[in-house]
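See below for the structure under consideration.
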Amino acid sequence: MKMKNILAAILAVSVYMLPGFVSAADHVIEAGPRAFKNATLYVAEGDNVKFSKMASHNSVSVEGLIPDGATAWVGKLGENVAPALEKPGIYSYVCQPHIGFGMVGVIIVGDVSAEDIAAYKQKAMDTLKGPYRRLLGKINKIKPTK
Ligand SMILES: [Cu+2]
Numbered sequence: 015m016k017m018k019n020i021l022a023a024i025l026a027v028s029v030y031m032l033p034g035f036v037s038a039a040d041h042v043i044e045a046g047p048r049a050f051k052n053a054t055l056y057v058a059e060g061d062n063v064k065f066s067k068m069a070s071h072n073s074v075s076v077e078g079l080i081p082d083g084a085t086a087w088v089g090k091l092g093e094n095v096a097p098a099l100e101k102p103g104i105y106s107y108v109c110q111p112h113i114g115f116g117m118v119g120v121i122i123v124g125d126v127s128a129e130d131i132a133a134y135k136q137k138a139m140d141t142l143k144g145p146y147r148r149l150l151g152k153i154n155k156i157k158p159t160k
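As structure tokens, this is what we get:
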């Protein structure tokens, strides 16, 4: 075996041994006419989340209500966006055309404590305006996972 092949084999085995690779689950948030199914979704770090059936809908993360250092997303109308949820914590998002109907949601990644949730709620109360306040109903129901 050539050295290059040996290194490739070692790399392949290492990738399979990464815990995140083995346990990553796939989650789908499906758009209904005026609401998301799984609008409150708890996932583990490293899991994959994808929006589906987004025709006439979009998914846009809410500024200031995603974890520090996380990447915001702005899905186009009809785009089945798959946001990179690389930081643990709570992510709020809305469907812009239907926000007035309460077509909003939260994704909870990894473990959040009661204190984390309380701080997040306070930030949401202080910053959300107009129809974005529809998120508060969802945020108020988030349960601690640690
Ligand atoms: Cu919508």
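Numbering (our numbering), first residue to last: 15 to 160.
Cβ atoms here follow ideal geometry from the backbone N, Cα and C, with glycine treated the same way.
Owing to the predicted nature of the structure, the values given are computational and were not obtained by experimental measurement.
Exercise for the section: Classify S37 as helix, strand or coil using the three-state DSSP reduction. Expected result: Taking the sequence shown and counting its residues from 1, one reaches residue 37 at position 23. Correct three-state label for S37: helix.
Problem - Enclosing beta strand (DSSP E) for I121 [first to last residue] - result: Residue 121 sits at position 107 when you count from the first residue of the sequence shown. It spans V118 to V123 - the beta strand (DSSP E) in which I121 sits, taken as one unbroken run.
Practice task
Output yes or no for whether 8 Å exceeds the beta carbon distance between S75 and Y105.
Solution key: Translated into positions along the sequence shown, residue 75 becomes position 61. Translated into positions along the sequence shown, residue 105 becomes position 91. Yes. Within cutoff.
Problem - With 16 other Cβ atoms within 10 Å as the buried cut-off, status of K143 - result: Along the sequence shown, read from residue 1 onward, the residue named residue 143 stands at position 129. Exposed is the call here.
Handout entry: Cα-Cα separation, D140 to A69
Key = Residue numbering aside, residue 140 sits at position 126 when the sequence shown is read from its first letter. Residue numbering aside, residue 69 sits at position 55 when the sequence shown is read from its first letter. About 32 Å.
Practice task
Using 7 Å as the cut-off, classify the Cβ of P111 as near or not near the heavy atoms of ligand 1, replying yes or no.
Solution key: The residue labelled residue 111 in the question sits at position 97 within the sequence shown. Yes, Cβ of P111 sits closer than 7 Å to a heavy atom of ligand 1.
Practice task
Check whether the Cβ atoms of L79 and K137 sit closer than 8 Å, and answer yes or no.
Solution key: As a first step, residue 79 must be located in the sequence shown, where it is residue number 65. As a first step, residue 137 must be located in the sequence shown, where it is residue number 123. Yes. Within cutoff.
Problem - Close Cβ partners of I121 (< 7 Å) along its chain, the five nearest in sequence each way excluded - result: Here residue 121 is taken as the residue at index 107 of the sequence shown, counted from 1. The residues are L55, V57, V63, L99 and Y105.
Exercise for the section: Could you tell me which of K90, I43 and V42 sits nearest to Q110, measuring between CA atoms? Expected result: Against the sequence shown, residue 110 aligns to sequence position 96. Cα-wise, what sits closest to Q110 is K90.
Problem - M117 beta carbon near ligand 1 (any heavy atom closer than 7 Å) - result: Taking the sequence shown and counting its residues from 1, the one referred to as residue 117 is at position 103. Correct: M117 has its Cβ closer than 7 Å to ligand 1.
Exercise for the section: Enumerate in chain order the residues of its own chain whose CB-to-CB distance from I131 is below 7 Å, with the five nearest sequence positions on each side excluded. Expected result: Translated into positions along the sequence shown, residue 131 becomes position 117. Hits under 7 Å: I156 and P158.
Exercise for the section: Examine ligand 1 and report whether any of its heavy atoms sits within less than 7 Å of the Cβ of H71. Expected result: As a first step, residue 71 is located in the sequence shown; it is residue number 57 there, counting from the start. Checking every heavy atom of ligand 1 against the Cβ of H71, one is found closer than 7 Å.
Exercise for the section: Would you mind giving the Cβ-Cβ distance between K152 and A53, rounded to the nearest angstrom? I have them listed as a contact below 8 Å. Expected result: Taking the sequence shown and counting its residues from 1, one reaches residue 152 at position 138. Taking the sequence shown and counting its residues from 1, one reaches residue 53 at position 39. Contact flag correct, Cβ pair sits at about 6 Å.
Handout entry: CA-to-CA distance, E77 to R148, given in whole angstroms
Key = By one-based count along the sequence shown, residue 148 stands at place 134. By one-based count along the sequence shown, residue 77 stands at place 63. Spanning the two alpha carbons is a distance of roughly 15 Å.
Exercise for the section: With DSSP collapsed to three states, give me the class of E44. Expected result: As a position in the sequence shown, residue 44 is number 30, starting the count at 1. Note: E44 maps to strand in three-state DSSP.
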